[in-house]
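Note sheet for the following structure.
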Amino acid sequence: MRNSKMDITQEEYAEAGPEKEQKTQAADRPPKAGRTSSIIHQTAVRKQRRRRFIQKAIFSVFRLSAVINALALFIIIYFMVKNGIGAISWEFLSEAPRDSMTKGGILPCIVGTILLGVGAILVAMPIGVASAIYLNEYARPGKVLRTIRLGINNLAGVPSVVFGLFGLAFFVIYLDMGVSILAGALTLGAMSLPVVIGSTEEAFKAVPDTYREASLGLGATKWQTIYRVVLPTALPGVLTGGILGLSRAAGETAPIMFTAAVFFTPDLPESIFSEIMALPYHIYVLATAGTEIEATRPLQYGTALVLITLVLGMNLIAIIWRARLRKRLKG
Amino acid sequence: MAGKRQSTEKVMRTFFFCVATASIAVLFMIMVFLFMEGLPVFNMVSVKEFLFGVYWYPTSDPPDFGIYPLIVASLAVTAVSAVIAIPLGVMTAIYLAELASKRVAEIFKPIVELLAALPSVVIGFFGMVIVAPFLQQVLGVATGLNLFNAALMLAFMSIPTICSISEDAIYSVPNALREGSLALGATQWETLWRVVVPASISGIATSVILGISRAVGETMVVLMVAGGAAMVPSSIFDPVRPMPASIAAEMAEAPFRGDHYYALFATGIVLFLFTLFFNIIADIIATRYRQVGEASL
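Chains as they are written, first to last, in the working numbering: chain V, 195 to 525; chain D, 71 to 367.
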């Protein structure tokens, strides 16, 4: 829809361009035109060319800026892959760190990150989906809706380190959970709540109103309509939102620094009250506070590579899945 | 039967409303706990000394808790990153919304999304091990871990925010406006600059403020890349210590509920209020200067 519209304007413009030029050229040599009018025409042509040149120059700058963003992404990925691929081995993925983290693998970190991410999403998903249902299905425009939206937007803007402070003060100290998976997952869950609400709301918005009207017309109540019609239709989109929230939670460092992650613990966690290692925190620790920062560089790159593979992989799945869903709902 | 259905209906409605207020509840709790753990520091220093004191020596005896250098560092890093991120983000958005063909846009949009998805610690690590030595070599500065490097890394974290919100705003400008301008003989660029951008300026402004707010609060990048010196910077190649970096680096060592601990939470309050301020401004712009007509967001 959007692009077809755009194409038309662009095509129209492209057609209008040369035509206009032809006209000016034709007018350029009118048989009976005086000197003054020919000068005017020449200036007009020159002005036209100048305008076209400015446009071309500016548009290439725009294109360049898009390319710079793509380059930034590729350069970062390139260096992580180039320097990290050598560190990846079965031992690296399946063993715990040894010799004060200068050798060995990162298994506890991988397990920790997955546990924290899944825990966070278990917290954020139910609340996020229910919030999205209220916002999209029940709420009517007004002060209440505005206040809730303002709350969500501001929650989305809270710095990650402030979430860390909150998690420390509330979950770790006040609720006495200690530095634990539970405290970390709750903190990360609170942080990814706006992301989950935003993307699940998208999924509900994509369900055509005719579905709701048909269900209500058959005598179903609003809740029945939501539960039997809207939710199943939106489910794949909702899950996409979940994946995005999960990937966001898995990559965060600051919120878990004070709530869940520790420098080093050789054992895999036993319960949700254990403290754990996590990939992002491990990278930070090795790169800034390890015993041998230079010597463990390959381990740092390797850990970073594992983390971006995990996070970007989940995002890529979500993006591809979402694109396919959009096509299907349209078709 | 009908009565039961109606009461279920009411219960569900109330239930969803209650859950939807969870975000506000969390926001409120964040405020309560920040203030609870942060305010005690003002028994020791006055608010003025805390905000405008130029010495941050939390571990010396007697300690100095002046976060002025940290505030200046945060603002400086954010300003420099905004100078890089705003043009790049907005121009990319215009390119994707107005100029790129469908196929090109379908390639670039996921790229911008993936850029947003890169974990901050990876960007910080990249800035530390790749960009810092590069800057040191090319520019001959004392340390590559400085204000400029941090700002550069932060810019690429806020570009996706700026780009995606701007793009939505530009896209929702009604085509009739474009067609009108083109029909009057304006070139595509003139149409863009005089018609499309002004029509979507509230969305673009919102995106810019949200992008900046993200840069203010970003932690791992400034923690790893900014250099960590708690001084008021005199050049953009000076090492600095923005507020989030200070909190993240020192919290582990600060004695539980000691003055340093309280001071870090109070720094958290300042940081929180900064971003709250930005977000409320963004919200006001987005609702008050709402695009009109077909373009309503």
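The beta-carbon is built from N, C-alpha and C at its ideal position, and this holds for glycine as well.
Backbone secondary structure at residue i - three-state DSSP
i	result
Y359 of chain D	coil
F348 of chain D	helix
R292 of chain V	strand
F135 of chain D	strand
I308 of chain V	helix
C88 of chain D	helix
Y328 of chain V	helix
K217 of chain V	With a pLDDT of only 46 at K217 of chain V, under 50, the local geometry of the prediction cannot be trusted, and no value is derived from it.
I235 of chain D	helix
G372 of chain V	coil
Y475 of chain V	helix
A455 of chain V	strand
I300 of chain V	coil
G297 of chain D	strand
Y127 of chain D	strand
V310 of chain D	strand
P268 of chain D	helix
R520 of chain V	helix
S242 of chain D	coil
T337 of chain D	helix
F268 of chain V	helix
Of the listed residues the options, nearest to residue i (C-alpha basis)
i	options	result
W259 of chain D	V:F253, V:L376, V:R240, V:P460	V:F253
L258 of chain V	D:P133, D:F326, D:G159, D:W263	D:G159
S393 of chain V	V:K416, V:A444, V:Y478, V:A326	V:A326
V150 of chain D	D:F218, D:S77, D:M106, D:V111	D:F218
P302 of chain V	V:F286, V:I315, V:A314, V:D293	V:F286
S500 of chain V	V:G278, V:L433, V:V432, V:I248	Note that residue 500 of chain V corresponds to Val in the displayed sequence, not to Ser. Of the listed residues, the one whose Cα sits closest to V500 of chain V is V:G278.
V100 of chain D	V:V401, V:Y405, V:Q494, V:Y368	Residue identity differs from the one stated: residue 100 of chain D is Ile in this sequence, not Val. That would be V:Y368, whose Cα lies nearest to the Cα of I100 of chain D.
F344 of chain D	D:A319, D:L280, D:A333	D:L280
S77 of chain D	V:W417, V:I437, V:A251	V:W417
T497 of chain V	V:I262, V:A238, V:M295	V:M295
R522 of chain V	V:G431, V:L329, V:G435, V:S409	V:G431
V201 of chain D	D:E183, D:L184, D:L224	D:L224
V526 of chain V	D:M290, D:Y165, D:A352	No answer is possible for residue 526 of chain V: it lies beyond the span of chain V, which begins at 195 and ends at 525.
Inter-residue Cα distance where the pair is residue i and residue j
i	j	result
A333 of chain V	L359 of chain V	33 Å
P463 of chain V	F457 of chain V	14 Å
G345 of chain V	T91 of chain D	8 Å
F398 of chain V	R311 of chain D	43 Å
R246 of chain V	S236 of chain D	25 Å
V199 of chain D	I342 of chain V	42 Å
A239 of chain D	P203 of chain D	39 Å
L349 of chain V	E289 of chain V	38 Å
S251 of chain D	A384 of chain V	47 Å
K74 of chain D	F85 of chain D	16 Å
A481 of chain V	Y475 of chain V	10 Å
E215 of chain V	A163 of chain D	Low per-residue confidence applies at E215 of chain V: pLDDT is 45, beneath 50, and the placement is therefore not dependable enough to give any value.
R243 of chain V	Q236 of chain V	11 Å
V366 of chain V	D329 of chain D	19 Å
V389 of chain V	D131 of chain D	44 Å
D461 of chain V	A187 of chain D	30 Å
K179 of chain D	F135 of chain D	45 Å
L316 of chain V	A296 of chain D	35 Å
T427 of chain V	G435 of chain V	14 Å
I141 of chain D	V286 of chain D	10 Å
I350 of chain D	K80 of chain D	33 Å
T129 of chain D	E395 of chain V	47 Å
G123 of chain D	S228 of chain D	30 Å
T230 of chain V	L254 of chain D	25 Å
A318 of chain V	Q207 of chain D	45 Å
S468 of chain V	S272 of chain D	48 Å
F326 of chain D	V312 of chain V	30 Å
* Could you please tell me which residues of the region 242-268 of chain V, in chain order, have their CB closer than 7 Å to any CB of chain D? => R245, R246, I248, Q249, I252, F253, V255, F256, R257, S259, A260, I262, N263, A264, A266, L267
*Select from the region 296-318 of chain V all residues with a C-beta closer than 9 Å to any C-beta belonging to chain D, and list them in chain order.*
none
task = Scan the region 390-405 of chain V for residues whose Cβ lies nearer than 8 Å to a Cβ of chain D and list them as they occur along the chain.
result = I391
Which runs of the alpha helix (DSSP H) spanning at least 4 residues fall entirely within the region 153-205 of chain D, listed in chain order? 172-187, 190-196
For the region 321-336 of chain V, enumerate the residues whose C-beta is nearer than 7 Å to any C-beta of chain D, in chain order. I321, A324, S325, I327, Y328, L329, Y332
Identify each residue in the region 191-220 of chain D for which the Cβ-Cβ distance to at least one residue of chain V is less than 8 Å, and report them in chain order.
V191, V192, I193, G194, F195, F196, M198, V199, I200
- Query: Using a beta-carbon distance cut-off of less than 8 Å, what residues from the region 81-106 of chain D approach chain V?
  - Reply: M82, R83, F85, F86, F87, V89, A90, T91, A92, S93, I94, V96, L97, M99, I100, F103, L104, M106
Residues in the region 415-429 of chain V with C-beta within 7 Å of chain D's C-beta atoms, listed in sequence order? T415, K416, W417
(request) May I ask you to list, following chain order, the residues of the region 344-355 of chain V that have a beta carbon less than 7 Å from some beta carbon of chain D? (result) L344, G345, I346, N347, N348, L349, G351, V352, P353, S354, V355
(Q) Could you tell me which whole alpha helix (DSSP H) segments of length 4 or greater appear in the region 329-365 of chain V? (A) 337-351, 354-361
Requested in this report: Note down, in chain order, all residues in the region 170-191 of chain D with a beta-carbon under 9 Å from any beta-carbon belonging to chain V.
Outcome: A170, S171, K172, V174, A175, E176, I177, F178, K179, P180, I181, V182, E183, L184, L185, A186, A187, L188, P189, S190, V191
Completely contained beta strand (DSSP E) runs for the region 228-260 of chain V, where each covers 3 or more residues: none
| task | Could you name each continuous beta strand (DSSP E) segment of 3 residues or more that falls completely within the region 423-469 of chain V, going from the start of the chain to the end? | result | none
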